[in-house]
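Q: Residue numbers (the working numbering), protein chains in the order written: chain A, 592 to 753; chain B, 2 to 345.
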Amino acid sequence: MRFNLVLDLPDVPGQLLEALEPMGRLGANIVAVIHQRDVKTERGTVPVQITIEGDKETLDRVMGALEAKDIQIMAVDGVLRKEQITTVLVGDIVEEDVKDTVTLLNLLEGVRVADLDLKMSDEPKNSATKIVMEADFGQKKEVLKNIKEIGDQKGFLVINEV
Amino acid sequence: MKAKGDPMKIIILGFGAVGQGVARVLSMKKEYLKSNYDLNPQIVAVTDRSGAAIKEDGLDEELLIKTKNETGKISSYPEYGVHGLSSLKVLGEVEYDCLVEVTPTDIDDGEPARSHILKAMEDGKDVVTSNKGPLALSFQELVDCATSNKVEFKFEASVGGAMPIINFAHENLAGCSIESIYGILNGTTNYILSRMANEGSSYEQTLTEAQEMGIAETDPYQDVEGIDAACKIVILANSVLNLPVTLKDVEVEGISRITAESIALAKKEGLLIKLIGEASPDALEVSPRLVPKGSPFAVEGTLNVATLKTDLADDVTVVGKGAGSVETASAILSDIVSIWKIRK
């Protein structure tokens, strides 16, 4: 059987090799690799499409190995595994410890903070943070609710997606 | 039941921008209404804070507007003006078919509009209103009163001005279950947020500019703190989703904490910040949200937009002018016409 994967790799040398390694090692055949380094996501990561072939057990082992390496699998056979969630927080991000906010978000089940952007203002309470997260597919509503709670606790204005 | 050729006698309570808009469209559309619907509307009384103008066989629409603009008082209407006469008295004394309630909105107790509407219904009269206050606070009471008195009660103009939504949901989407409604329901805040996104300007600066242009009111509290949008969410939740809720059930966050910095960050990600109202069985909320550029919610200026999520038709989105004298009056006129079709 075949799996069509979409991986989301950081744009640094060696990442593609790192992702392909378990496939060869565990005995899956690589049918195709589409890797265009100049096509990037908004966050600067590179989406890579890989088709692998093998029996079910081999392919499952490969998936397990990729996950163990913390490689982001965005989609399998066209079915999204992860979805991106963006939120903007307004408030005194330095005073309210932005690192702690990221930690709290990472503690949410199936959520990983993928990108963080800050814009400081002369008036500290007007500063803003943009946080991009990857979450397990189908969790969005729950995650948005949790973000709102975390933001409310810290006195941030939370601007979530619709 | 009206006999063929009988006029529809209308009382307009409140003669601000919307009331004058109603007089204007009735005057503009006289021939059209006659030939298309055999409708001959007559304004038999108009009131404002100063008193009333009353004429049994119809006041002159243009003279009403001229009198109000020149003297500020409808009671100065030549020959038929009455100083100090209260709206409730007018409803008790003048013979009419349909009340158009367009007095200023009050969101504390919905008065005096609530009493006007109840009085008219109890007297067996049909009511059309654009007044959000009584609807957001006492929706069920008003609808129950209309039902028990067997009168028509229509309020299309209360949400989204000229943008069709309530009658649209009931008539054009009849047969669909509507699961939720999302929308930009306040033109002032949408104008401010659009300007901030385009110019990179601060909230305070943009608000001042909007006030100078007459888009934001001198006291912008109800608009910028999301109260106006919350009233509309309550009306939609009640009338379209059959949820018996009132203003206090809505979680509200306005736009006064939105900064140029937050808009700039959202923009980098291809997103815009908009004040979105949401009505669904799980959530009643007005809050600033992120919407993708190019989505139906990415409307600019004072436009309103709403998406209805339905079971059969999937998402349906309507866009239109959310305010304006003649624009809002267009929604009131459509309610008047549909009442006429039922009554004639």
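Where a beta carbon is used, it is the ideal one built from N, C-alpha and C, also for glycine.
#1: Per DSSP, what kind of secondary structure is R372/B in: helix, strand or coil?
#2: Could you tell me whether any Cβ in chain A is nearer than 8 Å to the Cβ of L14/B?
#3: Going along the stretch 264 to 279 of chain B in order, which residues come within less than 9 Å of chain A, judged by CB to CB distance?
#4: Along the stretch 652 to 680 of chain A, where does the CB come closer than 7 Å to a CB of chain B? Name the residues.
#5: Which chain B residues are close to D599/A, counting only those with a beta carbon under 9 Å from its beta carbon?
#6: Going by the beta-carbon positions, is the gap between L709/A and T692/A smaller than 8 Å?
#7: Can you find a C-beta in chain B that's less than 8 Å from the C-beta of K721/A?
#8: What do you get for T207/B, buried or exposed, if any count of 16 or more other CB atoms within 10 angstroms of its CB means buried?
#9: Hey, which unbroken runs of the beta strand (DSSP E) at 3 residues or more fall wholly within the stretch 119 to 181 of chain B?
#10: Going by the CB atoms, is the gap between I738/A and N717/A shorter than 8 Å?
#11: Does the distance from the C-beta atom of P638/A to that of V702/A stay below 8 Å?
#12: Counting only the same chain and skipping the five closest in sequence on each side, list residues whose C-beta sits under 6 Å from that of K310/B.
#13: Please report the distance separating the alpha-carbon of Y192/B from that of D602/A.
#14: Residues in its own chain within less than 8 Å of T247/B by CB, not counting five upstream and five downstream?
#15: So, D49/B versus K74/B, is the Cβ gap smaller than 8 Å?
#16: Could you tell me the boundaries of the alpha helix (DSSP H) in which K673/A lies?
#17: Opposite D312/B in the DSSP bridges: which residues?
#18: With a threshold of 8 Å between beta-carbons, can F169/B be considered close to chain A, or not?
#19: How far does the beta strand (DSSP E) with R25/B in it reach, from first residue to last?
#20: How far does the beta strand (DSSP E) with I256/B in it reach, from first residue to last?
#21: Report the rounded CA-to-CA distance for D39/B versus S240/B, giving the unit in angstroms.
#22: Within the 8 Å Cβ cut-off, does T260/B reach chain A?
#23: Could you run through the stretch 194 to 208 of chain B and flag, in chain order, every residue whose CB is less than 7 Å away from some CB of chain A?
#24: Would you kindly report the start and end of the unbroken alpha helix (DSSP H) that includes S335/B?
#25: Does any residue of chain B have a CB that is nearer than 8 Å to the CB of N751/A?
#26: With distances taken Cα to Cα, identify the nearest neighbour of D61/B among Q43/B, T72/B, S51/B and D336/B.
#27: Anyone know if the C-beta pair for L86/B and A24/B falls short of 8 Å?
#28: Spatial neighbours of A619/A within its chain, please: CB distance less than 7 Å, with the 5 preceding and 5 following residues excluded, ordered by chain position.
#29: Any C-beta of chain B sitting closer than 8 Å to the C-beta of D754/A?
#30: Can you tell me which residues form a DSSP beta bridge with S288/B?
#31: Could you confirm whether any beta carbon from chain A is found closer than 8 Å to the beta carbon of Y183/B?
#32: Could you pull the DSSP bridge partners for N305/B from this structure?
#33: By the 10 Å Cβ neighbour count, where 16 or more other Cβ atoms means buried, how is Y33/B classified, buried or exposed?
#34: Let me check one thing: in DSSP terms, what residues is T48/B bridge-paired to?
#35: Does D708/A have its Cβ less than 8 Å from a Cβ in chain B?
#36: Count the other CB atoms, across all protein chains shown, that sit within 10 Å of the CB of N173/B; report buried if there are 16 or more and exposed otherwise.
A: Reading off the structure:
#1: Limits of chain B in this structure are 2 at one end and 345 at the other, which puts residue 372/B out of reach.
#2: The residue given as residue 14/B occupies position 13 in the second sequence. Using a CB distance cut-off of 8 Å, L14/B does not count as an interface residue toward chain A.
#3: Taking 9 Å as the cut-off between beta carbons, the residues of the stretch 264 to 279 of chain B near chain A are I264, A265, L266, A267, K269, E270, G271, L272, I274, K275, I277 and E279, in sequence order.
#4: Cβ contacts with chain B come from T677 and V679.
#5: Counted from its first residue, the first sequence places residue 599/A at position 8. Proximity of chain B to D599/A at the Cβ level (cut-off 9 Å) is not reached, the minimal Cβ distance being about 16 Å.
#6: Counted from its first residue, the first sequence places residue 709/A at position 118. Counted from its first residue, the first sequence places residue 692/A at position 101. Here L709/A is not near T692/A, since their CB atoms are 8 Å or more apart.
#7: One-based indexing of the first sequence puts residue 721/A at position 130. It does: the Cβ of K721/A has a partner Cβ on chain B nearer than 8 Å.
#8: Within the second sequence, numbered from 1, the residue matching residue 207/B stands at position 206. Burial of T207/B is indicated by the presence of at least 16 other C-beta atoms within 10 angstroms of its C-beta.
#9: Unbroken beta strand (DSSP E) stretches of 3 residues or longer found wholly inside the stretch 119 to 181 of chain B: 127 to 130, given in chain order.
#10: Translated into the one-based positions of the first sequence, residue 717/A becomes position 126. Translated into the one-based positions of the first sequence, residue 738/A becomes position 147. For N717/A and I738/A, no; Cβs fall outside 8 Å.
#11: Here residue 638/A refers to the residue found at position 47 when the first sequence is read from its first residue. Here residue 702/A refers to the residue found at position 111 when the first sequence is read from its first residue. In this structure, V702/A does not lie closer than 8 Å to P638/A by Cβ.
#12: Against the second sequence, residue 310/B aligns to sequence position 309. The residues are E180, S181 and D316.
#13: Here residue 192/B is taken as the residue at index 191 of the second sequence, counted from 1. Here residue 602/A is taken as the residue at index 11 of the first sequence, counted from 1. One C-alpha to the other measures close to 39 Å.
#14: The residue you call residue 247/B lines up with position 246 of the second sequence. Cβ neighbours of T247/B beyond the five flanking positions: A137, L138, S139, F140 and V235.
#15: Locating residue 49/B in the second sequence gives position 48, where the first residue counts as 1. Locating residue 74/B in the second sequence gives position 73, where the first residue counts as 1. Their beta carbons are under 8 Å apart, which means D49/B touches K74/B by this criterion.
#16: For the purposes of this step, residue 673/A is taken as the residue at position 82 of the first sequence. Counted as a single uninterrupted DSSP element, the stretch harbouring K673/A is not any alpha helix (DSSP H) but the beta strand (DSSP E) occupying residues K673 to V681.
#17: The count along the second sequence starts at 1 and reaches residue 312/B at position 311. According to DSSP, which records beta bridges pairwise, D312/B is partnered with nothing at all.
#18: One-based indexing of the second sequence puts residue 169/B at position 168. Cβ-Cβ to chain A under 8 Å: no for F169/B.
#19: For the purposes of this step, residue 25/B is taken as residue 24 along the second sequence, with counting starting at 1. For R25/B, no beta strand (DSSP E) encloses it; the enclosing alpha helix (DSSP H) starts and ends at A18 to M29.
#20: Here residue 256/B is taken as the residue at index 255 of the second sequence, counted from 1. It is not in any beta strand (DSSP E) - I256/B carries neither H nor E in the DSSP assignment.
#21: By one-based count along the second sequence, residue 39/B stands at place 38. By one-based count along the second sequence, residue 240/B stands at place 239. Distance between the alpha carbons of D39/B and S240/B is about 29 Å.
#22: Within the second sequence, the letter at position 259 stands for residue 260/B. At least one chain A Cβ lies under 8 Å of T260/B.
#23: Answer in chain order: no residues at all.
#24: As a first step, residue 335/B is located in the second sequence; it is residue number 334 there, counting from the start. Following the DSSP letters along the chain, one finds S335/B inside the alpha helix (DSSP H) bounded by residues S326 to R344.
#25: Here residue 751/A refers to the residue found at position 160 of the first sequence. It does: the Cβ of N751/A has a partner Cβ on chain B nearer than 8 Å.
#26: Here residue 61/B refers to the residue found at position 60 of the second sequence. The shortest C-alpha to C-alpha distance from D61/B to any of Q43/B, T72/B, S51/B and D336/B is the one to Q43/B.
#27: Here residue 86/B refers to the residue found at position 85 when the second sequence is read from its first residue. Here residue 24/B refers to the residue found at position 23 when the second sequence is read from its first residue. Result no, Cβ atoms of L86/B and A24/B do not sit closer than 8 Å.
#28: Counted from its first residue, the first sequence places residue 619/A at position 28. Cβ neighbours of A619/A beyond the five flanking positions: I643, E644, G645, T649, L650 and V653.
#29: This structure cannot speak to residue 754/A, because chain A is shown only from 592 to 753.
#30: In the second sequence, the residue the question calls residue 288/B occupies position 287. In the DSSP assignment, the residues bridged to S288/B are I277/B.
#31: By 1-based counting over the second sequence, the position of residue 183/B is 182. At least one chain A Cβ lies under 8 Å of Y183/B.
#32: Counting from 1 along the second sequence, the entry for residue 305/B is found at position 304. Looking at the DSSP assignment, N305/B forms a beta bridge with G321/B.
#33: Walking along the second sequence from the start, residue 33/B turns up at place 32. Answer is exposed; the Cβ neighbour count stays below 16.
#34: To locate residue 48/B, count along the second sequence from 1; it is residue 47. Partner residues in the beta bridge of T48/B, as assigned by DSSP, are L14/B and A53/B.
#35: Here residue 708/A is taken as the residue at index 117 of the first sequence, counted from 1. Taking Cβ atoms only, chain B reaches closer than 8 Å to D708/A, which makes this a yes.
#36: The residue you call residue 173/B lines up with position 172 of the second sequence. Result: exposed.
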